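If you read the protein sequences in the order shown, they are chains A and B. First residue of the first sequence? That's 1 in full-length UniProt numbering, and the numbers climb one at a time after it. First residue of the second sequence? That's 1 in full-length UniProt numbering, and the numbers climb one at a time after it. Worksheet for the structure shown next.
There are 2 protein chains.
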Amino acid sequence: MADSLRIGIAGLGTVGSSLVRILQQRSKELAITCGRAIEIIAVSARDRSRDRGLDLAGITWFDTPEEMAKKAEIDVLVELVGGASGAAEKAVRAALSRGIHVVTANKALLAKHGVELAIMAEEKGALLNFEAAVAGGIPIIKALRESLTGNHVSRIYGIMNGTCNYILTKMEKEGLSFEACLKEAQRLGYAEADPAFDIEGNDTAHKLAILTTLAFGSKIAADDIYLEGISNISIEDIQAAADLGYRIKLLGVAHVTESGIEQRVHPTMVPLDSVIAQVDGVTNAVAVESDILGELLMVGPGAGGNATASAVLGDIADIAKSRPGVQQVPVLGRPAKSLTEYRRAKMKSHEGGYFIRLTVKDKAGVFASIATRMAENNISLESIVQHSRVHTEGGPQTIILVTHATMEDAIRKAVKAIKSEKYLVNEPQVIRIERT
Amino acid sequence: MADSLRIGIAGLGTVGSSLVRILQQRSKELAITCGRAIEIIAVSARDRSRDRGLDLAGITWFDTPEEMAKKAEIDVLVELVGGASGAAEKAVRAALSRGIHVVTANKALLAKHGVELAIMAEEKGALLNFEAAVAGGIPIIKALRESLTGNHVSRIYGIMNGTCNYILTKMEKEGLSFEACLKEAQRLGYAEADPAFDIEGNDTAHKLAILTTLAFGSKIAADDIYLEGISNISIEDIQAAADLGYRIKLLGVAHVTESGIEQRVHPTMVPLDSVIAQVDGVTNAVAVESDILGELLMVGPGAGGNATASAVLGDIADIAKSRPGVQQVPVLGRPAKSLTEYRRAKMKSHEGGYFIRLTVKDKAGVFASIATRMAENNISLESIVQHSRVHTEGGPQTIILVTHATMEDAIRKAVKAIKSEKYLVNEPQVIRIERT
């Protein structure tokens, strides 16, 4: 049997602790499967005195991840610290500069420094694995950078934030408001005390940026993503969606168009009978459309200590199964220096169906006016209906429009024209429809 | 850049021709992605004179795959001939004995000789990749043998035969009989002229046997699979399933129980609102339940020249990205010599819910008799209803039973007792319900 693979783990939170436990409890079978033992020889975490219920006897403790990455005699640095910069970045750079392989679950770090780190890794002959950084336990990174080699991807989309999907599912199933469901998510630990990063779509955007690069071979462009969160989705939207045969999901979508790559994160109507519409609660799902394979969809746990640890373990095992320094899977699917510049498609040019919900004063001519504004912008309507569930005689009236495929620009102009008409009671709601 | 990877392709049918085209058209980008060129230097197919629309200039033609495997200066043999024995087997053995890597789409070969071939490959330091052998373009082999390393799998199940899923989908959507839908499948090329291998479940069983080994680390036991096809599924079953909130799918299921491993292929009721129930037409889906990751589901094209070629290409690219002879991913998830003996769980001990459809004479006491037979066998009923859709006064009556989780043995005894009562008009239909 070959020499053991010596790893150092930075970060002993939920994922790190779970990983230590699994590596210790299953050391014998992992040694058989991988052809050599995986040995934790170093750890680093913030609080040395905290009782994590872990047996760390014989493992060298380092006060900072960077120190561990610089000094420990490790083959692999497992970075579970998190954060786009700071301790995590320093440790990863230190490891790669020594030619030490890195396994990380850190989406923020990759979204910000991924290309640079990939170049470093490839120059030093080190591997940089990050399956856990996107959609937790779903092996989407492996699928994109290995299984789909040779394919031209045209679109990738998915539910990549469990918090949002939990809230949207609960709103629909129990008829509760966004605020009530967010509170419940916080109570259950599915949402942070400050939930903005999740519910405004930033978390999804980080993940999408990484997938976009793997799918299209362009440099990571996490700041070029169109972003809309779910905080203004109302129970009325969800019910109207259901009536029309749709369900609302927060999707991250990256799509190749003639004018560049669209990257967008927004609430999206998907057909009720599509597979992705059935993905409930904190579960994640990612779909990839490519020209040779066709459409591939993966569904699984997107977060949680164990699911994330499973992805990290898979990355470590991949290194253990190769002899050190010889496998050459390019970090970002192709050699990092061959990545192309990201060419952003303008959101105004996005083409698709739209759902528009208007709350209007109950008076003659409103219907006609709305239809006229749409026609003036060459928007072809699939339907325009007064939504009966919420109408009371004389009170504000809800009108729901569904358009055929049209340009975002036209929608914005039509909505602006309608707003200038003064019969709107409140802000119009516009939700994009995605073919799935 | 490293030396090119020289491959020989045996079999130039749909998949082989598609693969040749892709490798030629995308040779430049593949060379960049993989870090070296992939070069087809040899081919072998049955009919040399047939025009396949391929440019084979400069490629050495061999009259048999075996000769190619023995004589060509190749790094990888791509075996697309098919069949459990014969030319495919000879070629693969010849290649492995020379230490040449093998990529194959041949499920029958692996189901029969997989363990032996894996031992050969590992002894010779050759890779044996077979992503295309199960569920076409879905990267389930990679997920099981790489991503899920360290996990204990408890159950794996899936829709692995597009022909059956197409027929069942069409029966439900159009209310047509099994025979009519089979004919349509044959017309569209989704079913063979002799469809038995698909519709009786054998094809699914081959795939399941391979997945079982990867999931549970036991030797391949393709002959130990309980088999029931879809040919006696009627439109009445499908409609009754829908009324009860279920859909019928042909599933292959492998499940660890206390008494061993259950491997079974049979028509199965899955909840209508489950993700797998939405998998329509020729699409495949495979779900894996494991203790660290949780539940993972993959959905994608299970057949077709391009989707299969995509999986083959992924396998070739994996070899191209490693330096030859150094990667050590065990062929069957762990070193083949460490695989355990397969311990078969008796089908009689299977535990689950059951759907039972009885066509009975319309006379007093039948309901009571059926309920009594169930009670005598300690079968707890979720429901027992006369099925109104098909009842005409005085004519034969349909009774549908749905049981709570119970033992197969008890169901068999109860059904036998009911059959002895003489009020049945025809054979009882029994369909297992699977939790998904």
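Beta carbons are placed, not taken as given, at the ideal position from N, Cα and C, and that holds for glycine. Computed from a predicted model, the values in this text were never measured in an experiment.
Per DSSP, residue 92 (chain A) is one residue of the alpha helix (DSSP H) stretching across 87-97. In this structure, the alpha-carbon of residue 142 (chain A) lies about 29 Å from that of residue 270 (chain B).
In this structure, A:199 is the residue among A:258, A:422 and A:199 with its C-alpha nearest to the C-alpha of residue 232 (chain A).
In the DSSP assignment, residue 337 (chain B) falls outside any alpha helix (DSSP H) and carries neither an H nor an E. Interface residue (Cβ-Cβ distance to chain A less than 8 Å): residue 24 (chain B) is not classified as such. For residue 279 (chain A), the chain B residues whose C-beta falls within less than 8 Å of its own C-beta are 275, listed in chain order. Counted as a single uninterrupted DSSP element, the stretch harbouring residue 306 (chain A) is not any beta strand (DSSP E) but the alpha helix (DSSP H) occupying residues 305-321. Under the DSSP assignment, residue 196 (chain A) falls in the alpha helix (DSSP H) whose first and last residues are 196-199. Residue environment: residue 310 (chain A) is assigned as buried (16 or more neighbouring CB atoms within 10 Å of its CB, all protein chains considered).
Taking the Cβ atoms as the reference, residue 433 (chain A) lies roughly 6 Å from residue 355 (chain A), within the contact range of under 8 Å. Between residue 259 (chain B) and residue 349 (chain B), the gap from beta carbon to beta carbon is short of 8 Å. Comparing alpha-carbon positions, the option among A:24, A:330, A:131 and A:114 lying closest to residue 122 (chain A) turns out to be A:330. With a contact defined as Cβ atoms closer than 8 Å, residue 111 (chain A) and residue 206 (chain A) qualify at about 4 Å.
Taking 8 Å as the CB threshold, residue 318 (chain A) lines the interface with chain B.
Counting only the Cα atoms, residue 398 (chain A) lies some 9 Å from residue 362 (chain A). DSSP, reduced to helix, strand and coil, places residue 403 (chain B) within a strand of the structure shown. The shortest C-alpha to C-alpha distance from residue 290 (chain A) to any of B:47, B:137, B:100 and B:35 is the one to B:137. Taking a Cβ-Cβ threshold of 7 Å, the residues of chain A close to residue 139 (chain B) are 143 and 147, in chain order.
Just measuring C-alpha positions, the residue of B:195, B:151, B:61 and B:77 sitting nearest residue 333 (chain B) is B:151.
Beta-carbon to beta-carbon, residue 253 (chain B) and residue 342 (chain B) are separated by about 15 Å, too far to satisfy the 8 Å threshold. With a threshold of 16 other beta carbon atoms within 10 Å, residue 262 (chain B) meets it and is buried.
Contacts with chain B at 8 Å (Cβ-Cβ) include residue 151 (chain A). The contact set of residue 213 (chain A) on chain B, defined by CB atoms closer than 8 Å, is empty, because the minimum CB distance reaches about 13 Å.
Each of B:383, B:126 and B:98 was checked against the Cα of residue 244 (chain B), and the nearest Cα belongs to B:383. For residue 338 (chain A), the neighbours in chain B by C-beta distance under 7 Å run, in chain order, 32. Around residue 119 (chain A), the same chain offers 336 and 337 as residues with beta carbons nearer than 8 Å, after the five sequence neighbours per side are excluded. Counting only the Cα atoms, residue 417 (chain B) lies some 11 Å from residue 424 (chain B). Scanning chain A for C-beta atoms nearer than 8 Å to the C-beta of residue 9 (chain B) yields nothing, as the closest lies near 15 Å away. Below 8 Å, too few C-beta pairs join the region 182-193 of chain B and the region 272-279 of chain B to call them touching: fewer than three.
Residue 431 (chain B) is positioned such that its CB atom lies closer than 8 Å to that of residue 237 (chain B).
Residue contact check for residue 192 (chain A) against chain B: no CB pair falls below 8 Å. Within the UniProt domain "ACT" (355-436) of chain B, no residue places its CB atom closer than 8 Å to a CB of chain A.
The beta-carbon distance between residue 109 (chain B) and residue 11 (chain B), rounded to whole angstroms, is 12 Å. This is too long to meet the 8 Å contact definition.
For residue 266 (chain B), the enclosing beta strand (DSSP E) covers residues 260-271. Around residue 273 (chain B), the same chain offers 245 as residues with beta carbons nearer than 8 Å, after the five sequence neighbours per side are excluded. Residues of chain B whose Cβ lies closer than 8 Å to the Cβ of residue 242 (chain A) do not exist, since the nearest Cβ in that chain is about 13 Å away.
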